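Below is one structure, written out as structure tokens; comments come after it.
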Amino acid sequence: MLSAYLAMISTQKDREKFERLFHQYERTLKYTAKTILWDEHLAEDAVQEAFIRIIDCLDKIDESEPGKTAGFLITIIKHIAYDIQRKQNKTQPSASLEELAELDAGPEDHQNRPDTLLLDQEEASQIVKAIHHLPSDYQYILSLKYVYNCNNRQIAALINCSEELARVKLSRARKSLMIRLNLIKGTAKE
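In our numbering, the protein residues as written are 6 to 195.
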């Protein structure tokens, strides 16, 4: 199967990078897919789809940060596995703590004052709470954009749609997040 993937890649440098990623993460991706799908064959299908999507965003993957790379690839496989699960008419579980931690990951606080840190933590908590209540597709696209800094072309490749549709979905996810944040702020004032 690896040779079929490599045939889809134009440069030797990208082929070598893909081959390293394939050998390093194939088992992890399959294990992750199996924990969601509970089916060996469906998990293999999910892994194949994931590696096809990874080809389109090889330039986004920085191998010098293995933790970030693993998180990125696991996010891709989870999205694909949940899509397969939905197609199988199974119920989709809510976001796990691990996924919320991925969404919550971000830059360090700019100020070290305790009152500013407390306010930042409260705001971050509200944002994570709001994101947790969004549909999983919105959670996924927001994490791709803001945690992994993907551009619209890369997001489109990962969610298997046109770049324009990816932009629209991202816009809808942002609007939905803002509405949810306003609801949370409104209930907090009461």
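The beta-carbon is built from N, C-alpha and C at its ideal position, and this holds for glycine as well.
A quick note: this is a predicted structure, and the numbers were derived from the prediction, not measured.
When DSSP states are grouped into helix, strand and coil, P71 belongs to the helix group. For A9, the number of other beta carbons within 10 angstroms of its own is below 16, and it is reported as exposed. With a contact defined as Cβ atoms closer than 8 Å, I146 and L186 miss out at about 17 Å. The beta carbon of I189 lies closer than 8 Å to those of Q131, K134, A135 in the same chain, with the five residues before and after it left out. L139 carries a coil assignment under DSSP once its states are collapsed to helix, strand and coil. The C-beta of A178 has 16 or more other C-beta atoms within 10 Å across all chains shown, which makes the residue buried.
For I66, there is no enclosing alpha helix (DSSP H), as DSSP gives it neither H nor E. Taking the C-beta atoms as reference points, I66 is found no nearer than 8 Å to I81. When rounded, the separation of the alpha-carbon atoms in T74 and S181 is 28 Å. Annotation: F77 to L11 spans about 20 Å, alpha carbon to alpha carbon. Taking the CA atoms as reference points, K18 sits about 44 Å from I184.
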